[in-house]
Structure formats: C-alpha cells, structure tokens
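Protein chains in written order, with my numbering: chain A, 1 to 116; chain B, 1001 to 1117.
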C-alpha cells in the first residue's frame, strides 16, 4: 500500500514556464514533506522541505505548497530551466514523538523534461 | 571526500558470489540507511541504523546482511542473491536530534548499480 503517490510519471515544460509537480499522501500522521531531485547515475539530492505547520515554503525558483486537508503537496519551479530536467521524488515522514520516526516514504517519481 | 560516498559504483555478480557494498558519510551524521531502487518502483527502505544500532529492518531477506561498525561507515553484505535483486542500492545519512529523535533531511550517495546474473 503506497502512502505517497505521484500520479504523473512524466511532465514536459517549455523553458521559462512554470513546472508544477504534484504529490498525494494517505497517512495523516505525516507531518514533514520533502522533495528530492535525481539525475541519472546519481543519488537523489535534497531540494526543499515543508513542515505541516506551514502551507508554503519558498527557496529561490522552488516553492512547495501543502494542502493538509486534501493531503496534497506540489512543487512549483518558475522559471523552469533545461538543467531542471530530472526525476523529482516526493517524500514524507512522521517526525512527531511516538510515531515511526526517521522513515521516509517515497513516491515513484516524476520525470521532468524542460525543453528550450 | 565530501557528502556520502559509495563503492563500488557498479557490480556484476553471480548468484553464488559473496560481495559487499560500502558506504561512508563525511557529514558527521549519526543515522545511516540502505535503500533499494528497482525499475519503476519507489525507493524501498531496507535498513536504518541510529547511533550504530539497527533500528529498522524492513522485512529484508537474510541474503542481505548490513553492518555498521561506526557512525560513518555502513556495509551491505550480499550472498546467494537472485536476479530479481538487481537494482540500484542507495545509502543515505541524516542527523537525529533531540529527545524525540527527530530525523532531519537524508543525504544520499550516488548508489551502486548491482546486476545479478
């Protein structure tokens, strides 16, 4: 039973436009969410995170939005650049005391392609 | 060396071989992880070590045997593997803080691409 879902395996966006990657989760105990980016032949690299006490976190061109009632988060990249082409993984964990701490649950990833 | 390193980067082995994957983190973290990534599947957590103690074994077959001699090094010993064990094996580390054991972001190594013939 997959607790973190990325329903779009791929996304293609023109350079300069906005990329929106979506992620849904089912476990209401999750209170910390992360996005990782992965290039071929490399391990995932941490991109941005958000705690459940916030609904938005911004870092440069990257913004993550969290909608707790819908159990949905999204990553916005604007403007998109060809170097952003990679697989993006959404991950979630439950960091509160008494829960299964430390375990990250990953989605299957979305391949983003940014074309010139 | 910086970050998380893994050796070898590529490994081809027969089903009767014994081999080991090595991971080293240079970040001063106190928790380390092994993940498996198979084609078209999400990352699967295999083992978690917190302060060198194994805190989670995610129903991994005994043909995979982890070893954590200190907080900077993590090994995955492999023996009598099956072709379906062919995958990318990723090591990660993070810092556990506070009495509640809050885990921060995990940093990944480049992975070992394993092929079992």
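Every residue, glycine too, gets a C-beta built ideally from N, C-alpha and C.
Proximity of chain A to residue 1106 (chain B) at the Cβ level (cut-off 7 Å) is accounted for by 104, in chain order. In the structure shown, the three-state DSSP call for residue 59 (chain A) is strand. Contact holds between the region 1032-1040 of chain B and the region 1085-1100 of chain B, because three or more Cβ pairs, one in each stretch, are under 8 Å apart. When C-beta atoms of the region 13-24 of chain A are compared with those of the region 82-93 of chain A, three or more pairs fall below 8 Å, so the two segments count as touching. Interface flag for residue 34 (chain A) against chain B is set, since a Cβ pair is found closer than 8 Å. The C-alpha of residue 1112 (chain B) is placed about 13 Å away from the C-alpha of residue 1013 (chain B). DSSP lists no beta-bridge partner residue for residue 116 (chain A). Residue environment: residue 1010 (chain B) is assigned as exposed (fewer than 16 neighbouring CB atoms within 10 Å of its CB, all protein chains considered). Straight-line spacing of the CA atoms in residue 1051 (chain B) and residue 1028 (chain B) works out to 11 Å. Using a CB distance cut-off of 8 Å, residue 82 (chain A) does not count as an interface residue toward chain B. In this structure, residue 34 (chain A) lies near residue 49 (chain A), with their beta-carbon atoms less than 8 Å apart.
By a beta-carbon distance limit of 8 Å, residue 1108 (chain B) does not contact residue 1020 (chain B). Their separation comes to about 19 Å.
Under a 10 Å Cβ-count criterion, residue 1093 (chain B) is classified as buried, with 16 or more other Cβ atoms of the shown protein chains found around its own Cβ. By the CB criterion at 8 Å, residue 94 (chain A) and residue 46 (chain A) fall outside the cutoff.
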